[in-house]
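Working notes, structure below.
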Amino acid sequence: MMVRVYVTLKPGVLDPQGMTIQKALATLGYAEAEEVRQGKYFEIRWSGEPGDEARRRVEAIAAGVLSNPVIEGYRIEWPAAERGA
Amino acid sequence: MKAAVVVFPGSNCDHDTQHVLERVAGAEVRMVWHTERDLADPDLVVLPGGFSYGDYLRTGALARFSPVMESIRSFAARGGLVLGICNGFQILQEAGLLPGAMLRNRGLRFICRHVHLRVERADTPFTSEYRAGQVLSLPIAHNEGNFYAAAEELEDLERNRQVILRYSNAAGEATDEANPNGSLRNIAGVTNRAGNVLGMMPHPERASEALLGSEDGFGLFASLVATLARRVEATR
């Protein structure tokens, strides 16, 4: 199954890249894009069985490796069958 | 002084650091590959600058899982002196041995030039040969040196006097114009709470010989040598 992890800067943490992208968009005529925050996106092909253990292990990866808790938060997206479990 | 210089895949200031420690500061240096676990009882561990693991994921993020890091963690917990320069600083932050995290420079450019820095404290093992308030000229070379910590942690750092170096102008004023990368409170160097682990973005090893244009960085290595000599003296 494919597990997707989104890592984003916490609110209030300066995002120089996002600000630069927003300014570029404004220059290109997309004035409605009033703020841009850049993040990271990971696709993990997971070979283990779905379930609590998989959730625990992916959580450990997202919290302990893919994100830095000082500046970033994360969101894990599970395949449809796993959602709401 | 016995120093261990840790070499990660992608370290590139390791030999400069070794050179200054050995040839200028007169230390005995052992280079420690990142997969080693035995630091061989040094007085000082240095994590040099570079691009460990290609800076993939985040600067220092993957290096902190190297086997040697567990030994460095125990060494630091026992009060051992640890110095992280540039990427070494970033690795120590990722490992949780130093506070804060580095964001991209606010100007989004890699900055490689000399900057002025104000020494905030001269009563640390790393800065005893400087004067408090002294202004140094040292080179920086980084893309992610924009120091960030949450507001409460920043207050803690100030209250515990953990900020050792601040970006300043030549007069020693920590102004916004003198801040090259957007670091909060112009922070360029901080210690851990106990004061035995220092991280700094500037490169003292690149400014320790007159031939290279500045000797301002040598005070840091001289301070460590002097501190350790004093400790040996005290145990006699």
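Quick note, the sequences are listed as chains L and C, same order.
6 is the number of the first residue of the first sequence in the numbering used here; add one for each residue after it.
-4 is the number of the first residue of the second sequence in the numbering used here; add one for each residue after it.
C-beta: ideal position from N, C-alpha, C; glycine also.
Since this is a predicted model, take the numbers as computed values, not measurements.
1. With which residues is leucine 14/L paired in a DSSP beta bridge?
2. How would you list, in chain order, the residues of chain L whose beta-carbon sits under 8 Å from the beta-carbon of glycine 177/C?
3. Figure out for me which residue from Gly74/C, Glu139/C and Gly128/C has the closest Cα to the Cα of phenylalanine 84/C.
4. Which residues bound the beta strand (DSSP E) around asparagine 141/C?
5. Applying the 10 Å Cβ sphere with the 16-neighbour rule, what's the burial state of alanine 85/L?
6. Let me know the beta strand (DSSP E) ranges lying completely inside the region 47 to 91 of chain C, each 3 residues or longer, listed in chain order.
7. By how many angstroms is the C-alpha of arginine 231/C removed from the C-alpha of aspartate 50/C?
8. By how many angstroms is the C-alpha of alanine 68/L removed from the C-alpha of glycine 214/C?
9. Can you check which of these residues, Leu87/C, Glu65/C, Asn164/C and Pro199/C, is closest to histidine 14/C by C-alpha distance?
10. Does the beta-carbon of glutamate 153/C have 16 or more other beta-carbons within 10 angstroms, so that it is buried, or is it exposed?
11. Which residue from Val63/C, Ala145/C and Leu39/C puts its Cα closest to that of valine 2/C?
12. Taking 8 Å as the cut-off, decide whether the C-beta atoms of serine 66/C and proline 43/C are in contact.
13. Quick one: what's got a C-beta closer than 6 Å to leucine 207/C's C-beta in the same chain, skipping five residues either side?
14. Starting from glutamate 89/C, find everything on chain L with Cβ-Cβ shorter than 8 Å and list it in chain order.
15. My guess is that asparagine 181/C and asparagine 174/C are in contact by the Cβ rule of under 8 Å, so how many angstroms apart are they, rounded?
16. Assuming methionine 97/C is part of the beta strand (DSSP E), what are its boundary residues?
17. Using a 10 Å radius around the Cβ and a threshold of 16 neighbouring Cβ atoms, would you call threonine 30/C buried or exposed?
18. With a CB to CB cut of under 7 Å and the five nearest residues on each side skipped, what residues in its chain are close to tryptophan 83/L?
19. Could you check if alanine 146/C is buried or exposed, using at least 16 other CB atoms within 10 Å of its CB as the buried criterion?
20. Going along the chain, which residues of its own chain have a beta-carbon closer than 7 Å to the beta-carbon of valine 10/L, five neighbours each way excluded?
21. So that I know if they touch, is there some Cβ in chain C lying closer than 8 Å to that of alanine 90/L?
22. For the beta strand (DSSP E) that alanine 183/C lies in, which residues bound it at each end?
23. Nearest CA to the CA of asparagine 82/C: which residue from Ala72/C, Gly75/C and Leu93/C?
24. In the DSSP assignment, find the unbroken alpha helix (DSSP H) run with serine 163/C in it and report its ends.
25. Just to confirm, are histidine 111/C and valine 130/C a CB contact at a threshold of 8 Å?
26. Counting only beta-carbon separations shorter than 8 Å, does threonine 13/L have a partner in chain C?
27. Rounded C-beta distance between glutamate 40/L and glutamine 27/L? I'm assuming under 8 Å.
28. Once you ignore the five residues that flank glutamate 77/L on each side, which residues in its own chain have a CB closer than 7 Å to its CB?
29. Quick check on DSSP: helix, strand or coil for glutamate 64/L?
30. Taking 7 Å as the cut-off, does the CB of aspartate 33/C come closer than this to any heavy atom belonging to the ligand HEM?
31. Examine the Cβ distances between the region 155 to 174 of chain C and the region 112 to 119 of chain C and report whether three or more of them are shorter than 8 Å.
On the basis of the data shown:
1. Reading the first sequence from its first residue, position 9 is the one you call residue 14/L. For leucine 14/L, DSSP records a beta bridge to Glu77/L.
2. Residue mapping note: residue 177/C aligns to position 182 of the second sequence, counting from 1. For glycine 177/C, the neighbours in chain L by C-beta distance under 8 Å run, in chain order, Leu19 and Pro21.
3. Reading the second sequence from its first residue, position 89 is the one you call residue 84/C. Comparing Cα positions, the closest option is Glu139/C.
4. Along the second sequence, read from residue 1 onward, the residue named residue 141/C stands at position 146. 141 to 143 is the extent of the beta strand (DSSP E) around asparagine 141/C.
5. Start at 1 with the first residue of the first sequence, and residue 85/L comes out as number 80. Exposed.
6. Those beta strand (DSSP E) runs which fall completely within the region 47 to 91 of chain C and span 3+ residues are 76 to 80.
7. Along the second sequence, read from residue 1 onward, the residue named residue 50/C stands at position 55. Along the second sequence, read from residue 1 onward, the residue named residue 231/C stands at position 236. Straight-line Cα distance between these residues: approximately 45 Å.
8. As a working note, residue 214/C is residue 219 in the second sequence. As a working note, residue 68/L is residue 63 in the first sequence. Roughly 39 Å separates the two Cα atoms.
9. Translated into positions along the second sequence, residue 14/C becomes position 19. Comparing Cα positions, the closest option is Pro199/C.
10. The residue labelled residue 153/C in the question sits at position 158 within the second sequence. By the Cβ neighbour-count rule, glutamate 153/C is exposed, with fewer than 16 other Cβ atoms within 10 Å of its own.
11. The residue given as residue 2/C occupies position 7 in the second sequence. Closest by alpha carbon: Val63/C.
12. As a first step, residue 66/C must be located in the second sequence, where it is residue number 71. As a first step, residue 43/C must be located in the second sequence, where it is residue number 48. For the pair serine 66/C and proline 43/C, the CB atoms are not nearer than the 8 Å cut-off.
13. As a working note, residue 207/C is residue 212 in the second sequence. Within the same chain, no Cβ atom closer than 6 Å to the Cβ of leucine 207/C is found once the five residues on either side in sequence are excluded.
14. For the purposes of this step, residue 89/C is taken as residue 94 along the second sequence, with counting starting at 1. Residues of chain L passing the Cβ test: Asn73.
15. Numbered from its first residue, the second sequence carries residue 181/C at position 186. Numbered from its first residue, the second sequence carries residue 174/C at position 179. Between asparagine 174/C and asparagine 181/C the Cβ distance is about 5 Å, and since that is below 8 Å, they are a contact.
16. Translated into positions along the second sequence, residue 97/C becomes position 102. Looking at the DSSP string, the run of the beta strand (DSSP E) that includes methionine 97/C is 96 to 98.
17. Numbered from 1 along the second sequence, position 35 holds the residue referred to as residue 30/C. Threonine 30/C counts as exposed, since fewer than 16 other beta carbons sit within 10 angstroms of its beta carbon.
18. Indexing the first sequence from 1 puts residue 83/L at position 78. So the list reads Val8, once near-sequence residues are dropped.
19. Translated into the one-based positions of the second sequence, residue 146/C becomes position 151. So alanine 146/C counts as exposed.
20. Against the first sequence, residue 10/L aligns to sequence position 5. Here the set comprises Phe47, Ile49, Ala67, Leu71, Tyr79 and Ile81.
21. Counted from its first residue, the first sequence places residue 90/L at position 85. In this predicted model, alanine 90/L has a pLDDT of only 47, less than 50, meaning its place in the structure is not dependable enough to derive any value.
22. Looking up residue 183/C in the second sequence gives position 188. Unbroken beta strand (DSSP E) run through alanine 183/C: 182 to 186.
23. Position 87 of the second sequence, counted from the start, is the residue given in the question as residue 82/C. Closest by alpha carbon: Leu93/C.
24. By one-based count along the second sequence, residue 163/C stands at place 168. Counting along the chain, no alpha helix (DSSP H) covers serine 163/C; the unbroken beta strand (DSSP E) around it starts and ends at 158 to 163.
25. The residue labelled residue 111/C in the question sits at position 116 within the second sequence. The residue labelled residue 130/C in the question sits at position 135 within the second sequence. In contact: histidine 111/C and valine 130/C (Cβ atoms closer than 8 Å).
26. To locate residue 13/L, count along the first sequence from 1; it is residue 8. For threonine 13/L, the answer is no, since every Cβ of chain C falls outside 8 Å of its Cβ.
27. As a position in the first sequence, residue 40/L is number 35, starting the count at 1. As a position in the first sequence, residue 27/L is number 22, starting the count at 1. Contact between glutamate 40/L and glutamine 27/L holds: CB atoms are separated by about 6 Å, below the 8 Å threshold.
28. Position 72 of the first sequence, counted from the first residue, corresponds to residue 77/L. Closer than 7 Å at Cβ, skipping near neighbours: Val12, Thr13, Leu14 and Lys15.
29. Here residue 64/L refers to the residue found at position 59 when the first sequence is read from its first residue. DSSP places glutamate 64/L within a helical segment (H, G or I) once states are collapsed to three.
30. As presented, the structure is devoid of all ligands, the ligand HEM included, so that no description of it is given.
31. Yes: the two stretches touch, three or more of their Cβ pairs being nearer than 8 Å.
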